[in-house]
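A.B. asks: Before we start, here is the structure in question, set down as structure tokens.
In our numbering, the protein residues as written are 23 to 576.
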């Protein structure tokens, strides 16, 4: 049965604005709750317009929460934009527990499993990687040298598209005397990518060489947090073992890293090789030891096999980036429904990006399982925003130019839609960066709104799969956990289908319900977690890794 295709939508009964689901011309007559009125201006898809006349300073509600106040008297049917609307959000405080929720029907998934790598601490990986990590930026070059020595020889080099043929064509045209206009008009043929080399260790999904610009020169808080973040990656279920390069004199000491590993996994038994250049001596001695250790570790990791595991062993990170005005009504609610399904099945989900929870703090704090958990969430939100304001930028300045262009014109509008990824289940834990957040249920993890910093943190917190919604498009990935991109609209899915895995524009187009989309996404997650399908970010070799720097450089 074909589903109804709408021109505009009221998201929540309390809302006093409508969202255009497609481009609406000036003068189009809107019929809402028995009242008809014309649009005063053209309204592009994803943008909002008023349903009543509004005096200056009137409150605007979306998703049932306050998202802004108008700057001038507005007529009925007026487009909301950055000139006539400013950010506003309700204050929040410790309230009563509101833990009742309706669990979704998960009968279609209760007996399903995925094939993963079982670790001795009871976690299950969706992949099997070896890590090569610098404890300080001074070792980045040595890490890259190891990459150059090992990656291609072992068959792990990701063969991206080679554009050298196109460059050869342009060189030939230029040498033949082509003008600038002629060069710009050349129709470049696609070159053929190199064939993928055979892997020496077929049970190991790859060797990941991480680089960063931290470990020394900043605050001790940041170097300690870096050790915690790296410990989260080393103890991660998707990791078989690690080679760590240290200079020796930096703030981020190997002893701190070992202590952080012990905190996360008291019975840690993975192969771990730590080499300090100032102790080893010459670069040659350091590199030879690191190469031998890494090779031996890979041989050991190659003995592991995928085995069935229940869906309760999945820990799914919920992320968004390049959001648009459709994100909060298609892709994010679909992830919210999936989140509730995972909680019902006994799994774990992580909702992060605290600047993008501005305006929904009261709802989330009320959903916390007990008052101490709610108080921790409130404290982290207030402290983070105060630090941002002290640095000259509060949460209200979070929307990017792309967000604003596509309908997210206040932080509260963006946040109210972003929070939909967390569904309706109780909040079982609130966790500060860079700690583990992989307990059963819905976990709130304090991270920035920056896509890569937040994704980096979610994986360190235990996410063995990340679901990443986007309305504008992004190639973001992660070195060790598959990042599955979900489009909020069909246009961006078709335009960037090399980087985006799934389309929830079907919801906007009236072809699918939120529940149906959630079921489709979860089936895809199971296939990716089992190694049957590669996420697009993995195919592209998109290994984005940025630790969060909270302090300042000294």
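Heads up, the beta-carbon is just placed ideally off N, CA and C, and yes, glycines get one too.
Keep in mind the model is a prediction, meaning the values are calculated, not measured.
Do you know how far the Cα of residue 60 is from the Cα of residue 566?
C.D. replies: Here residue 566 refers to the residue found at position 544 when the chain shown is read from its first residue. Here residue 60 refers to the residue found at position 38 when the chain shown is read from its first residue. Going by the C-alpha atoms only, they are around 47 Å apart.
A.B. asks: On the DSSP letters alone, give me the boundaries of the beta strand (DSSP E) that residue 341 sits inside.
C.D. replies: The residue you call residue 341 lines up with position 319 of the chain shown. Segment 337-342, the beta strand (DSSP E) holding residue 341.
A.B. asks: My understanding is that residue 452 touches residue 402, with C-beta atoms under 8 Å, so please give their C-beta distance in whole angstroms.
C.D. replies: As a working note, residue 452 is residue 430 in the chain shown. As a working note, residue 402 is residue 380 in the chain shown. Their Cβ separation, rounded to whole angstroms, is 7 Å, which keeps residue 452 and residue 402 in contact under 8 Å.
A.B. asks: Going by C-alpha distance, which of 561, 224, 364 and 354 is nearest residue 378?
C.D. replies: Residue numbering aside, residue 378 sits at position 356 when the chain shown is read from its first letter. The option with the nearest alpha carbon to residue 378 is 354.
A.B. asks: Determine, using beta-carbon pairs with one atom in the region 345-365 and one in the region 400-416, whether at least three such pairs fall under 8 Å.
C.D. replies: No, they do not touch.
A.B. asks: Considering only their Cβ atoms, is the gap separating residue 63 from residue 90 smaller than 7 Å?
C.D. replies: Here residue 90 refers to the residue found at position 68 of the chain shown. Here residue 63 refers to the residue found at position 41 of the chain shown. Contact: no.
A.B. asks: Going straight from the alpha carbon of residue 174 to that of residue 293, what length do you get?
C.D. replies: Taking the first residue of the chain shown as 1, we reach residue 174 at position 152. Taking the first residue of the chain shown as 1, we reach residue 293 at position 271. In a straight line, the C-alpha of residue 174 is about 23 Å away from that of residue 293.
A.B. asks: Check this for me: beta carbons of residue 481 and residue 511, under 7 Å apart or not?
C.D. replies: Here the question's residue 481 lines up with position 459 in the chain shown. Here the question's residue 511 lines up with position 489 in the chain shown. Taking 7 Å as the Cβ cut-off, residue 481 and residue 511 do not qualify as a contacting pair.
A.B. asks: For residue 385, which residues in the same chain have their Cβ closer than 7 Å to its Cβ, ignoring the five residues on either side in sequence?
C.D. replies: Taking the chain shown and counting its residues from 1, one reaches residue 385 at position 363. Around residue 385: no qualifying Cβ.
A.B. asks: The beta strand (DSSP E) spanning residue 508 covers which residue range?
C.D. replies: The residue you call residue 508 lines up with position 486 of the chain shown. It spans 505-509 - the beta strand (DSSP E) in which residue 508 sits, taken as one unbroken run.
A.B. asks: May I ask you to list the residues that DSSP assigns as paired with residue 54?
C.D. replies: Against the chain shown, residue 54 aligns to sequence position 32. In the DSSP output, where bridge partners are listed per residue, residue 54 has 57.
A.B. asks: Can you tell which of 185, 351 and 250 has its C-alpha closest to the C-alpha of residue 459?
C.D. replies: Position 437 of the chain shown holds residue 459. That would be 250, whose Cα lies nearest to the Cα of residue 459.
A.B. asks: Tell me, which residues are paired with residue 268 by DSSP?
C.D. replies: Numbered from 1 along the chain shown, position 246 holds the residue referred to as residue 268. Residue 268 pairs with 298.
A.B. asks: Could you pull out every residue in the same chain whose Cβ sits closer than 8 Å to the Cβ of residue 324, ignoring the five residues on either side in sequence?
C.D. replies: Position 302 of the chain shown, counted from the start, is the residue given in the question as residue 324. Answer for residue 324: 223, 224, 225 and 226, listed in chain order.
A.B. asks: Take every Cβ of the region 255-272, pair it with every Cβ of the region 305-320, and state whether three or more of those distances are shorter than 8 Å.
C.D. replies: As far as the Cβ criterion goes, the region 255-272 touches the region 305-320, which means the pair count is three or higher.
A.B. asks: Nearest-angstrom Cα distance between residue 128 and residue 485?
C.D. replies: Looking up residue 128 in the chain shown gives position 106. Looking up residue 485 in the chain shown gives position 463. Taking the straight line from one Cα to the other gives about 21 Å.
A.B. asks: Measure the Cβ-Cβ separation of residue 536 and residue 359 and say whether it is below 7 Å.
C.D. replies: Walking along the chain shown from the start, residue 536 turns up at place 514. Walking along the chain shown from the start, residue 359 turns up at place 337. Yes, these two residues count as a Cβ contact at 7 Å.
A.B. asks: Would a C-beta distance cut-off of 7 Å place residue 301 and residue 311 closer than the cut-off?
C.D. replies: The residue labelled residue 301 in the question sits at position 279 within the chain shown. The residue labelled residue 311 in the question sits at position 289 within the chain shown. Contact: no.
A.B. asks: Going by DSSP, name the residue or residues bridged to residue 30.
C.D. replies: Your numbering for residue 30 matches position 8 in the chain shown. According to DSSP, which records beta bridges pairwise, residue 30 is partnered with 42.
A.B. asks: When DSSP builds the beta bridges, which residues end up paired with residue 570?
C.D. replies: Locating residue 570 in the chain shown gives position 548, counting from the first residue. Residue 570 pairs with nothing; no bridge assigned.
A.B. asks: Is it a yes or a no for the region 427-437 touching the region 65-79, going by three-plus beta-carbon pairs under 8 Å?
C.D. replies: The region 427-437 vs the region 65-79: in contact.
A.B. asks: Short check: CB of residue 161 to CB of residue 269, under 7 Å?
C.D. replies: Counted from its first residue, the chain shown places residue 161 at position 139. Counted from its first residue, the chain shown places residue 269 at position 247. Yes. Within cutoff.
A.B. asks: What distance in whole Å lies between the Cβ atoms of residue 95 and residue 78, which are believed to be in contact at a cut-off of 8 Å?
C.D. replies: Position 56 of the chain shown holds residue 78. Position 73 of the chain shown holds residue 95. With 8 Å as the limit, residue 78 and residue 95 qualify as a contact, their Cβ atoms being about 5 Å apart.
A.B. asks: Classify residue 13 as buried or exposed, calling it buried when 16 or more other Cβ atoms lie within 10 Å of its own Cβ.
C.D. replies: Past the edges of the chain, shown from 23 to 576, lies residue 13, and the structure says nothing about it.
A.B. asks: Less than 8 Å between C-beta atoms, sequence neighbours within five positions excluded: which residues of the same chain meet that for residue 375?
C.D. replies: Locating residue 375 in the chain shown gives position 353, where the first residue counts as 1. Answer for residue 375: 341, 342, 440, 469, 470, 471 and 476, listed in chain order.
A.B. asks: Per DSSP, what are the beta-bridge partners of residue 230 in this structure?
C.D. replies: If you number the chain shown from 1, residue 230 lands on position 208. Answer is 153, bridged to residue 230.
A.B. asks: For residue 34 and residue 490, what's the separation of their Cα atoms in angstroms?
C.D. replies: Along the chain shown, one-based indexing puts residue 34 at 12. Along the chain shown, one-based indexing puts residue 490 at 468. So the alpha carbons of these two residues sit roughly 24 Å apart.
A.B. asks: Which residues mark the beginning and the end of the beta strand (DSSP E) in which residue 84 is found?
C.D. replies: Taking the chain shown and counting its residues from 1, the one referred to as residue 84 is at position 62. 81-84 is the extent of the beta strand (DSSP E) around residue 84.
A.B. asks: Since residue 461 and residue 370 should fall inside the 8 Å C-beta cutoff, what is the C-beta to C-beta distance between them, to a whole number of angstroms?
C.D. replies: Along the chain shown, read from residue 1 onward, the residue named residue 461 stands at position 439. Along the chain shown, read from residue 1 onward, the residue named residue 370 stands at position 348. Confirmed, about 6 Å.
A.B. asks: Am I right that residue 542 and residue 244 are in contact with their C-beta atoms under 8 Å? What's the rounded C-beta distance?
C.D. replies: Residue numbering aside, residue 542 sits at position 520 when the chain shown is read from its first letter. Residue numbering aside, residue 244 sits at position 222 when the chain shown is read from its first letter. Incorrect: roughly 41 Å between the Cβ atoms, too far for contact.
A.B. asks: If we call anything under 7 Å between Cβ atoms a contact, is residue 449 one with residue 380?
C.D. replies: For the purposes of this step, residue 449 is identified with residue 427 of the chain shown, where counting begins at 1. For the purposes of this step, residue 380 is identified with residue 358 of the chain shown, where counting begins at 1. Taking 7 Å as the Cβ cut-off, residue 449 and residue 380 do not qualify as a contacting pair.
A.B. asks: For residue 122, count neighbouring C-beta atoms within 10 Å of its own C-beta (all shown protein chains included) and say buried if the count is 16 or more, exposed if not.
C.D. replies: Here the question's residue 122 lines up with position 100 in the chain shown. Exposed, because fewer than 16 other Cβ atoms sit within 10 Å of the Cβ of residue 122.
A.B. asks: Hey, does residue 528 have any beta-carbon neighbour from chain C nearer than 7 Å?
C.D. replies: Within the model displayed, chain C is absent; a lone protein chain is all it includes.
A.B. asks: What's the call for residue 335, buried or exposed, on a 16-neighbour Cβ count within 10 Å?
C.D. replies: Residue mapping note: residue 335 aligns to position 313 of the chain shown, counting from 1. It is buried - the Cβ of residue 335 has at least 16 other Cβ atoms within 10 Å.
A.B. asks: To the nearest angstrom, how far is the alpha carbon of residue 538 from that of residue 49?
C.D. replies: Taking the first residue of the chain shown as position 1, residue 538 is located at position 516. Taking the first residue of the chain shown as position 1, residue 49 is located at position 27. In a straight line, the C-alpha of residue 538 is about 35 Å away from that of residue 49.
A.B. asks: Kindly confirm or deny that the region 126-141 and the region 267-286 touch, where touching means at least three C-beta pairs closer than 8 Å.
C.D. replies: The answer is no - the region 267-286 does not touch the region 126-141, with fewer than three Cβ pairs under 8 Å.
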